[in-house]
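Just below is one structure, and these are the notes that go with it.
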């Protein structure tokens, strides 16, 4: 393969995938030898999270030094407001990164965690990669170019009957009986074939894109959890709208959303979820 010309910019999707794979390799290397810290109630972080984010940051900013960077972990992102506060998603052209989505799963050896990397311009998503190192599955997408799994095209299945669908549910780290997420779960449960909780928003979106899931929603989520998955799911044909007012694109500053394999499923689920 010919090397790119000296004045030719790197391909953002190639850099995105390179960074996600490098982060995943570090996570595999750190397994069994990390220390655990607590960011909040039932909200864990490990040395592996930080190591993965540092490597991803290095790769994308060496390739594109003028781009911004928004990562889940505070290290290297001083001054970034926490999720749920104005400004946490950043603005302009920037990389949005979750270096380890599913940290609790990672800590306990439950095999549902991944690396999520996306490039966005404001709310417009340009390229995305979700890398699952344990399964050696790499989901990628470029705006307008379709969704892919390990280089092969993927597309959501034509499931239109809610009773035949598998839904994924997202709960916040701390759940009380009166939490709206619990009411959503109870409202949807009788109407679908089954419900799953994986503990990884990025994997839920990637798995919906390739047909393993058909319905997924989240009332409160951070931009780094969802950005890459949004583009991959949409490029695979999913129906994705903002939770409160059907925004499209979903605002990354407040990415509450409902995503389904088909418009028919979207129309069936939406009335079940309380505004």
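In our numbering, the protein residues as written are 185 to 459.
Note that CB positions come from ideal geometry on N, CA and C, so glycine has one too.
From a predicted model like this one, the values you see are computed outputs, not experimental measurements.
Beta-bridge partners of residue i, as assigned by DSSP
i	result
residue 279	253, 303
residue 178	As displayed, the chain neither begins before 185 nor continues past 459, which places residue 178 out of reach and without an answer.
residue 316	321
residue 358	Per DSSP, none; premise fails for residue 358.
residue 285	298
residue 326	311
residue 443	400, 424
Three-state secondary structure assigned by DSSP to residue i
i	result
residue 331	strand
residue 337	strand
residue 436	coil
residue 363	coil
residue 385	helix
residue 274	coil
residue 195	coil
residue 431	coil
residue 153	Outside the modelled stretch of the chain, which goes from 185 to 459, sits residue 153, for which no answer is possible.
residue 293	coil
residue 345	coil
residue 248	coil
residue 203	helix
Contacts around residue i, its chain only, beta-carbon distance under 8 Å, and the 5 residues preceding and following it disregarded
i	result
residue 378	350, 351
residue 371	456, 457, 458
residue 423	443, 444, 445, 446, 447, 449, 450
residue 311	196, 197, 200, 302, 303, 324, 325, 326, 327, 415
residue 347	375, 376, 377
residue 209	317
Nonlocal neighbours in the same chain, by C-beta distance under 6 Å from residue i, ignoring five residues either side
i	result
residue 394	333, 338
residue 323	314, 333, 390, 416
residue 401	442
residue 280	254, 302, 304, 407, 408, 411
Own chain, CB closer than 7 Å to residue i, minus 5 neighbours either side, in chain order
i	result
residue 278	251, 252, 253, 254, 304
Residue-level contact to chain B via CB, residue i, 8 Å cutoff
i	result
residue 449	The structure shown contains no chain B; it holds only a single protein chain.
ask   = Mind pulling the beta strand (DSSP E) runs of 3 or more residues that sit fully within the stretch 388–429?
value = Counting whole runs of 3 or more residues, the stretch 388–429 contains the beta strand (DSSP E) stretches 399–402, 423–426.
query = Three or more beta-carbon pairs under 8 Å between the stretch 425–434 and the stretch 340–347, yes or no?
reply = Cβ pair count under 8 Å is below three, so no.
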